[in-house]
Amino acid sequence: MTQATITPDGRQAGPVLMDLRNITLRFGGVTAIKDISFDIREGEIRAIIGPNGAGKSSMLNVISGFYVPQEGEIWFKGYRRGPMKPYEVARLGIARTFQNIALFDGMSVLDNIMTGRLNLMKARIWSQALWWGGAEREEIENREQVEKIIDFLEIQNIRKTPVGRLPYGLKKRVELARALAAEPRILLLDEPMAGMNVEEKEDMCRFILDVNDEFGTTIALIEHDMGVVMDLSDRVVVMDYGRKIGDGTPDEVRSNPEVISAYLGVEHA
Amino acid sequence: MFYREAGDFKTSYRDDGQTFPIRLDRWGYYAVLAVAFLVVPFVIDSYWANAVLVPFLIYAIAAIGLNILTGYAGQVSLGTGGFMAVGAYAVYKLMTAFPGVPIVIHIVLAGAITAVVGMLFGLPSLRIKGFYLAVATLAAQFFLVWLFNKVPWFYNYSASGQINAPERTILGWAVTGPATSASAKYLVCLVFAVVLAWVARNLTRGSVGRKWMAIRDMDIAAEIIGVNPLTAKLSAFAVSSFFVGIAGALLFAVYLGAAEASEAFGINKSFLILFMVIIGGLGSIFGSFAGAAFLVLLPVLLKNVLVAQFGWPTDLAAHIELMIVGALIVFFLIVEPHGLARLWALTKEKLRLWPFPH
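Keeping their order, the protein sequence lines are chains L and U.
Sequential numbering of the first sequence, starting at 1, is according to the UniProt record's numbering.
Sequential numbering of the second sequence, starting at 1, is according to the UniProt record's numbering.
So this is what it looks like as structure tokens:
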């Protein structure tokens, strides 16, 4: 295993938590991801950036088990992960949010966040049917944990509101709350700031940093806002047309000529 | 004394999670239960039991069952009549095969057998959704009714092809067979309805219910947070069929006394119960009762008004009744597509602010 190293801003990055080796993903004739390898270390914020259609979301879908890559290996916590269903991946401790919000509109905010803890709730159906024995105690214990997250994300006042009635920015926050409720080892965020105004973005940045700081959650995120990415993340992977064209600290990536040409275009003399 | 939660502070999560958080609601619920158990059994006559209350309670149980599947778990089913038939024939076989065992155990076992059958027919739901699933469950409806008509073992080789409920007692009171009193029929159905409604409420407020609703609202997101679609869908089918099976068993053994599969449990039953769920409100236990009340009580009420009050001929009244019920269904669905339960919830929300809405 890799030794712990110090990141440029002085923070301690842990050992490798997830290692993706030579991932290739094809849809029929289209190759969405071409032979990409990178790792995610314990406790870091890892960003994946790239132009539209670069394969970033596909990469996240590979990690969360939606897509099974044709080639390559995924190592998590030191073990190689076989092909898995998304719900099995969730049980390993990988939670995610979606680019286009995927909340349960028919349920209240509280219930939505409680669904995040489904894997931690063990009461049998019999006990729940009679609301006797473990069921009620478990419900209350998990409610206490969920209330901590509600406090943390400052959404106390909308607890009992049906999610369908909330504005966009709050929905994003509730989705983050649901992912956090699962107490994940790795949190995958697919464009957490898409469509937000500056103030909402600032709030979201603060929450992401706080989550990373206080819970020690490892975070992998996709984001288009370069300012946000460069400020938040410890290390950045840059993708273009399914290939990896850069990997390193924000500063290294920023000065990488291939990255610049992918984003700004190349000057043809 | 206003209908309000202000001043009624909840100091524990247990209090906060209760079914009726508003005090007046709670009292109303206890009052209804008290009247249902302590007053109605003494004043009920056989007309009220047979025409109104017993079918209302039995259909309410079936509607709760279907509501769990369709309203909470989002899986459309048109097989309810077939599953009710499974409950009825199961309880009949059990009653005739083991006469010494108490009838209540038979009824619960009939529910369990239906749950297994329901799970079997729920398997296609893992691959198909929506209208296509409805068609697949329609197959269950026709296959089950055909099976009970075709295989004489199910009706104990009786010449008429019917099943007849033998007389059984609970604590010395006849609850099935011709000697059953109106209040006995009513009480048996009431106890089942109250207990099952309570069970349904418990299941839907806990983690099982959240799994179902997650699958209903967005199955992909449900899977990503760790819900196994297989167990969530099949458990919904099992629990739903358990309720529907008990409703079928009660309908045959306590209410009808004799039944024939294609007549008592045809496709009409499936539609009737689906309409109850839609009109009452998808995803609401109260809505199941409201929908059952609407479709059971309204025709009786109309018949009484038209024939007894206006003195119209019975056949004309029967036709007019169908037209009025149909029109009212359309009317209610236009006014509130989410059903009577939503209408009730909106009323309560307004009532909470009344009379000072600002």
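Where a beta carbon is used, it is the ideal one built from N, C-alpha and C, also for glycine.
For L/Phe104, at least one C-beta of chain U is nearer than 7 Å to its own C-beta. Residues of the stretch 45 to 60 of chain L that bring their beta carbon within less than 9 Å of a beta carbon in chain U are absent altogether. Across the structure, L/Ala54 and L/Gly134 are spaced so that their CA atoms are roughly 48 Å apart. Note that the stretch 156 to 166 of chain U does not touch the stretch 231 to 244 of chain U; fewer than 3 beta-carbon pairs, one per stretch, sit closer than 8 Å. One Cα belongs to U/Phe131, the other to L/Thr218, and the distance between them is close to 42 Å. A direct Cα-to-Cα measurement between U/Val175 and U/Arg168 gives close to 6 Å. At a cut-off of 7 Å, the C-beta of L/Ile125 has a neighbouring C-beta in chain U. Contacts with chain L (Cβ-Cβ distance below 7 Å) from the stretch 176 to 209 of chain U involve Val199, Asn202, Leu203, Gly206, Ser207 and Val208, listed in chain order. In the three-state DSSP reduction, L/Thr97 falls in the coil class, being neither helix nor strand. With 16 or more other Cβ atoms from the protein chains shown falling within 10 Å of its own Cβ, U/Val208 counts as buried. At least one beta carbon of chain U lies nearer than 7 Å to the beta carbon of L/Tyr87. Annotation for U/Gly122: Lys233, Leu234 and Phe237 place their beta carbon closer than 7 Å to its own, counting only its chain and skipping 5 residues before and after. Taking 9 Å as the upper bound on Cβ-Cβ separation, chain U lies near residues Lys85 of the stretch 74 to 85 of chain L. In chain order, Asn112, Val163, Lys171, Val174, Glu175 and Arg178 place their CB closer than 8 Å to the CB of L/Leu103, counting only its own chain and leaving out the 5 sequence neighbours on each side. DSSP places L/Met239 within a strand segment (E or B) once states are collapsed to three. Among the residues of chain U, those whose CB is under 9 Å from the CB of L/Glu139 are Tyr13, Arg14, Gly17, Arg205, Gly206 and Ser207, following chain order. The C-beta of L/Gln156 comes no closer than 7 Å to any C-beta of chain U. In the displayed model, U/Ile329 falls within a helix according to three-state DSSP. Of all residues in the stretch 219 to 230 of chain U, only Ile220, Ala221, Glu223, Ile224, Ile225, Gly226, Val227 and Asn228 come within less than 7 Å of chain L when Cβ atoms are compared, listed by chain position. The beta carbons of U/Ala253 and U/Ala318 sit no closer together than 7 Å. With respect to the 7 Å criterion, L/Arg91 and U/Gly226 are classified as neighbours on the basis of their beta carbons. In the structure shown, L/Tyr79 adopts extended strand secondary structure according to DSSP, grouped into three states. The C-alpha of U/Ser262 is placed about 7 Å away from the C-alpha of U/Asn149. Spanning the alpha carbons of L/Gly106 and U/Leu147 requires a straight line of approximately 39 Å.
With a threshold of 16 other beta carbon atoms within 10 Å, U/Gly28 falls short and is exposed. U/Arg210 counts as buried, since no fewer than 16 other beta carbons sit within 10 angstroms of its beta carbon. For U/Asp219, the enclosing alpha helix (DSSP H) stretches over residues Asp219 to Ile224. Look at L/Met18: its C-beta is not under 7 Å from any C-beta on chain U.
At a cut-off of 7 Å, the C-beta of U/Ala214 has a neighbouring C-beta in chain L. For L/Arg46, the secondary structure class from DSSP, reduced to helix, strand or coil, is strand. When DSSP states are grouped into helix, strand and coil, L/Ala90 belongs to the helix group. For L/Glu252, the three-state secondary structure derived from DSSP is helix.
Annotation: L/Phe76 to L/Ile186 spans about 10 Å, alpha carbon to alpha carbon.
Distances from the CA of L/Ile36 to each of L/Ala262, L/Ser255 and L/Met239 were compared; the closest alpha carbon is that of L/Met239.
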